[in-house]
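Following: one structure in structure tokens, then a few remarks.
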């Protein structure tokens with residue numbers, strides 16, 4: 008972990024406008040890469056993770072939604088962690104979904120994505136149920152998560168997504 | 155027939171649906187705060203076109219096809235569902251006798267955007283051309 012360079016970190020309130028600020032920071036700070044597709048995929052992962060953390064944030068009435076974001080880079084490997092408070096009632100469904108996607112092949116995820124997009128509808132929270140699949144299709148690596156219980160109603164979940172600069176690893 | 159013109163922002167694309175000039179284009183990034191509202195107006199527009207289908211309009215589009223240029227830099231997963239809905243509505247115009255074509259433009263280095271467009275083609279009959287920019 009010590010070899011990782013921090014590209015950006017943010018801890019604080021999350022709003023639709025703040026997502027825009029974080030993405031602007033991402034575009035400014037992303038190192039030059041020989042692999043534009045890697046940057047495109049990382050941007051896509053970033054958007055979906057931030058929107059999920061905003062959409063599914065458990066916020067007590069007296070507080071504004073908060074998130075933590077850290078993007079690290081080491082030798083062609085990027086690691087993005089986005090954390091937010093989540094209702095304990097929603098936690099199991101989310102982790103089960105991540106576990107399920109982690110067990111699936113890229114082909115299986117693609118097939119599920121196509122099926123969902125054809126049948127899908129936009130939920131009350133504005134999601135189409137496609138976000139995690141889109142992240143997995145972009146990252147092509149399993150997602151990791153850590154959970155810390157806050158109280159009877161909520162926990163903090165940090166979801167880590169990795170992506171490897173394919174130009175650095177591709178055998179030609 | 156109402157022309158839809160929406161200026162581009164950091165989170166929503168430029169849209170021009172101009173029936174009188176027979177020019178239809180969407181260009182930019184799509185992750186609007188209210189995706190239902192943004193794409194709802196476009197989806198309603200297709201309903202209007204469909205209600206106007208006549209033999210005269212079929213002959214007109216046979217001479218001057220309706221070409222929908224879709225050039226997305228990026229779209230989020232919530233937009234994806236609506237973009238597919240829109241493509242299915244374009245396909246519906248085609249199935250109802252209008253001469254319609256989709257041009258799916260993408261940045262040359264963005265093979266994921268090409269792949270997304272190709273996945274949509276499996277679901278429609280309307281001709282679609284992929285153009286690397």
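Chains as they are written, first to last, in the working numbering: chain A, 8 to 179; chain B, 155 to 287. Here a beta-carbon is modelled for each residue, glycine too, at the ideal position from N, C-alpha and C.
Close Cβ partners of residue i (< 6 Å) along its chain, the five nearest in sequence each way excluded
| i | result |
| --- | --- |
| residue 165 of chain A | 88, 90 and 153 |
| residue 148 of chain A | 169 |
| residue 216 of chain B | 253 |
| residue 18 of chain A | 75 |
| residue 164 of chain B | none |
| residue 10 of chain A | 81 |
| residue 114 of chain A | none |
| residue 156 of chain A | 162 |
| residue 157 of chain B | 172 |
Residue i versus the options, residue with shortest Cα-Cα distance
| i | options | result |
| --- | --- | --- |
| residue 30 of chain A | A:83, A:57 and A:40 | A:57 |
| residue 159 of chain A | A:71, A:65, A:136 and A:74 | A:65 |
| residue 27 of chain A | A:77, A:81, A:113 and A:50 | A:50 |
| residue 287 of chain B | B:267, B:273 and B:276 | B:267 |
| residue 244 of chain B | B:160, B:162, B:171 and B:156 | B:171 |
| residue 41 of chain A | A:68, A:63 and A:83 | A:83 |
| residue 63 of chain A | A:39, A:101, A:70 and A:86 | A:101 |
Chain B contact for residue i (CB, 7 Å cutoff)
| i | result |
| --- | --- |
| residue 47 of chain A | yes |
| residue 76 of chain A | no |
| residue 226 of chain A | Limits of chain A in this structure are 8 at one end and 179 at the other, which puts residue 226 of chain A out of reach. |
| residue 68 of chain A | no |
| residue 23 of chain A | yes |
| residue 119 of chain A | no |
| residue 138 of chain A | yes |
| residue 89 of chain A | no |
| residue 141 of chain A | yes |
| residue 44 of chain A | yes |
| residue 124 of chain A | yes |
Residue i vs residue j beta-carbon contact at 7 Å
| i | j | result |
| --- | --- | --- |
| residue 222 of chain B | residue 178 of chain B | yes |
| residue 136 of chain A | residue 55 of chain A | no |
| residue 108 of chain A | residue 143 of chain A | yes |
| residue 281 of chain B | residue 253 of chain B | no |
| residue 79 of chain A | residue 35 of chain A | no |
| residue 92 of chain A | residue 23 of chain A | no |
| residue 140 of chain A | residue 120 of chain A | yes |
| residue 37 of chain A | residue 25 of chain A | no |
| residue 285 of chain B | residue 257 of chain B | yes |
| residue 228 of chain B | residue 259 of chain B | no |
| residue 59 of chain A | residue 161 of chain A | no |
| residue 124 of chain A | residue 279 of chain B | no |
| residue 162 of chain B | residue 182 of chain B | yes |
7 Å Cβ cutoff, residue i in contact with chain C
| i | result |
| --- | --- |
| residue 264 of chain B | Chain labels in this structure do not include chain C; the protein chains are A and B. |
Extent of the continuous beta strand (DSSP E) to which residue i belongs
| i | result |
| --- | --- |
| residue 227 of chain B | 220-229 |
| residue 19 of chain A | 12-20 |
| residue 170 of chain B | 168-172 |
| residue 287 of chain B | Unbroken run through residue 287 of chain B: none, as it is neither H nor E. |
| residue 73 of chain A | 73-81 |
| residue 65 of chain A | Careful: residue 65 of chain A lies outside any beta strand (DSSP E) and carries neither H nor E. |
| residue 91 of chain A | 84-94 |
Nonlocal neighbours in the same chain, by C-beta distance under 7 Å from residue i, ignoring five residues either side
| i | result |
| --- | --- |
| residue 192 of chain B | 166 and 186 |
Other residues of its chain near residue i: CB distance less than 8 Å, five sequence neighbours each side excluded
| i | result |
| --- | --- |
| residue 110 of chain A | none |
| residue 48 of chain A | 145, 146 and 170 |
Any chain A beta carbon closer than 7 Å to residue i
| i | result |
| --- | --- |
| residue 216 of chain B | no |
| residue 238 of chain B | yes |
| residue 279 of chain B | no |
| residue 231 of chain B | yes |
Endpoints, alpha helix (DSSP H) assigned at residue i
| i | result |
| --- | --- |
| residue 62 of chain A | 43-62 |
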